[in-house]
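S.K.:
Residue numbers (the working numbering): 53 to 342.
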C-alpha cells in the first residue's frame, strides 16, 4: 500500500513530545502514513505562513494565533483541540534590564518572534487588560527564543512573552529574569489542516488524529514521561511533574465554543480582527462545538 505523506509543523517545545515519540517509533508509518514532522522555532506566526504557502499540510498552533490568521484568510480549519488547558506564559526581561514589572509605566520595547505570533498577540492582549497600548514601533521581531535572549541581553528590547517552562533554562542560567506570568481563558493549542488536505486526504487526517489521541493519552500516564522531559527539555524533575499535572490533552473532537469566543473577543479589543468572524466557520465539519 502506498504511504500518504502529511507535512506537519510544531514548536520546539515539550507539548509536542507525543508527536515526536510517535514519529521516532514509526507509529505513523505502521498506519501507512508518512508523517513528515518539522520544528518551527519561530512559532505560530511562521507556521501560519507555511500553511498559507503550501509548505505545510497541518500544524499545531496557538489558539489566538490561528484565529488571527484565519480572520485574515488563512485557508485552513481546526480539526482538533490539542491542549485543552490554558498556556502558562512567562514574562521575561534581560539580566541587565532595570525593569522589575511589566506593570511599570516606563516605555517598553517588546521582543516578538513574528507578527501574528503568540509572543506578539499575548503582549498586546495583556497590555490592553492593563490599560496600555503598544505602538508598532515598540514591537521588535526576533524570530525565535534564542533571538529574544540575544535582544533582551543587549537591552534592544526589555519584555518578552513565551511559555514559562521552555524559557526557564535561560532564567536558571542567569541570562533572563522572569518578571511576571499570564494566562488567558482559552485552550493552548489547536491542530489545524489546510482546506486542500482536508478535501483530498480527509481519511488520513482522521487516522493521524486518532493516533495522536492514543499517543497523548499514553504519554500523559507513562512512568517515563518525567525523565524524557528532563533529558530533552532541560526541565527539573519538579517542573516536569508540575507541567504534566497541569497539562490536559484533548482526547476527542469537541472544542469549547466559549474559549474560542474569549480569544476572538480579546483579538477584537486589540484591533486584530472584527466582530463579523464566526468561529464555527473555522472548524472542520466533524469538530463539535460545545
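All C-beta atoms, glycine included, are put in the ideal place defined by N, C-alpha and C. Only a predicted model underlies this, so the values are computations on that prediction, with no experimental measurement involved.
In or out: residue 70 buried (at least 16 other Cβ within 10 Å) or exposed?
M.R.: buried
S.K.: Along the alpha helix (DSSP H) that carries residue 287, what are the first and last residues, could you check?
M.R.: Counting along the chain, residue 287 falls outside any alpha helix (DSSP H), and DSSP gives it neither H nor E.
S.K.: Between the stretch 286–293 and the stretch 90–97, can you find at least three pairs of beta-carbon atoms closer than 8 Å?
M.R.: No, the stretch 90–97 does not touch the stretch 286–293.
S.K.: Which word fits residue 267, buried or exposed, when buried means at least 16 other C-beta atoms lie within 10 angstroms of its C-beta?
M.R.: Residue 267 should be labelled buried.
S.K.: At 3 residues or longer, and completely inside the stretch 193–255: list those beta strand (DSSP E) runs for me, N to C.
M.R.: Those beta strand (DSSP E) runs which fall completely within the stretch 193–255 and span 3+ residues are 211–215, 228–234 and 241–246.
S.K.: Suppose the cutoff is 6 Å on Cβ atoms and the five residues either side in sequence are ignored; what does the same chain contact list for residue 311 look like?
M.R.: 238 and 239
S.K.: Between 323, 338, 315 and 213, which lies nearest to residue 330 when the distance is taken from Cα to Cα?
M.R.: Checking every option, the nearest Cα to that of residue 330 belongs to 315.
S.K.: Roughly how many angstroms lie between the CA atoms of residue 272 and residue 133, to the nearest whole one?
M.R.: The alpha-carbon separation between residue 272 and residue 133 amounts to approximately 16 Å.
S.K.: Can you tell me which of the three DSSP states residue 276 falls into?
M.R.: coil
S.K.: Write down the C-beta distance between residue 246 and residue 84 rounded to the nearest angstrom, noting that I regard them as a contact closer than 8 Å.
M.R.: Here residue 246 is actually not in contact with residue 84; their C-beta atoms are around 21 Å apart, not less than 8 Å.
S.K.: Work out the CA separation of residue 185 and residue 174 for me, nearest whole Å.
M.R.: 13 Å
S.K.: The alpha helix (DSSP H) with residue 120 in it runs from where to where?
M.R.: Start and end: 115–122.
S.K.: With C-beta atoms as the reference, is residue 155 less than 8 Å away from residue 211?
M.R.: No, Cβ-Cβ distance for residue 155 and residue 211 is not below 8 Å.
S.K.: Output the boundary residues of the beta strand (DSSP E) element that contains residue 105.
M.R.: Unbroken run through residue 105 is the alpha helix (DSSP H), 96–105; no beta strand (DSSP E).
S.K.: Classify residue 253: buried if its beta carbon has 16 or more other beta carbons within 10 angstroms, exposed otherwise.
M.R.: buried
S.K.: Taking the continuous alpha helix (DSSP H) assigned at residue 316, which residues delimit it?
M.R.: 309–321
S.K.: Determine whether the beta carbon atoms of residue 145 and residue 228 lie at a separation below 8 Å.
M.R.: yes
S.K.: Going by the DSSP bridge assignment, what does residue 86 pair with across the sheet?
M.R.: Paired residue(s): 57.
S.K.: On a CA-only basis, which of 68, 182, 135 and 65 is nearest residue 322? Give me that one, please.
M.R.: 182
S.K.: Could you check whether residue 61 and residue 111 sit closer than 8 Å to each other, using their CB atoms as the reference points?
M.R.: In this structure, residue 61 lies closer than 8 Å to residue 111 by Cβ.
S.K.: Assign residue 248 to one of two classes, buried (16 or more other C-beta atoms within 10 Å of its C-beta) or exposed (fewer than that).
M.R.: With fewer than 16 Cβ atoms within 10 Å of its Cβ, residue 248 is classed as exposed.
S.K.: What residue does the alpha helix (DSSP H) around residue 175 start on, and which one ends it?
M.R.: Here the alpha helix (DSSP H) through residue 175 covers 170–182.
S.K.: Residues bridged to residue 141 by DSSP?
M.R.: Partner(s): 215 and 234.
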